[in-house]
Amino acid sequence: MLEVKQREEDSKGSFYIESEGRKMAEMTYSKAGTDRIIIDHTEVGSELRGQGAGRLMVESAVAYARAKKISIIPLCPFARSVFDKNPELRDVL
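Quick note: the sequence shown uses my numbering, first residue -6, plus one each step.
So this is what it looks like as structure tokens:
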């Protein structure tokens, strides 16, 4: 089971998956004011490709946005495609 962790510093943050202390996947974001985050990049290492790691990180960002009552701007093409394919996630856009 893949576990997504979150790190946030000042106006930037990321959702990531690590194994044995090594980052295997990461999705980065920037805060846009107090009510929005912009997902700007998603990268998944070859070891995790095809296992849903990218989607899992997007879903974690959606859960975070719902909990904080903020919205997401998916500039990253991968994140945008996840929202396009999954209407149930679009309430945070």
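Backbone N, C-alpha and C fix where the C-beta goes; we use that ideal spot for every residue, glycine too.
Counting other Cβ atoms within 10 Å of its Cβ, Ala60 stays below 16 and is therefore classed as exposed. The Cβ atoms of Val37 and Val75 lie no closer than 8 Å to each other.
Minimum Cα-Cα distance from Lys24 among the listed residues Leu86, Glu2, Asn79 corresponds to Glu2.
Checking the DSSP bridge columns, you'll see Pro67 partnered with Ile32. Non-local C-beta neighbours of Ile63 in its own chain, meaning closer than 7 Å and more than five positions away in sequence, comprise Asp28, Arg29, Ile30, ordered along the chain.
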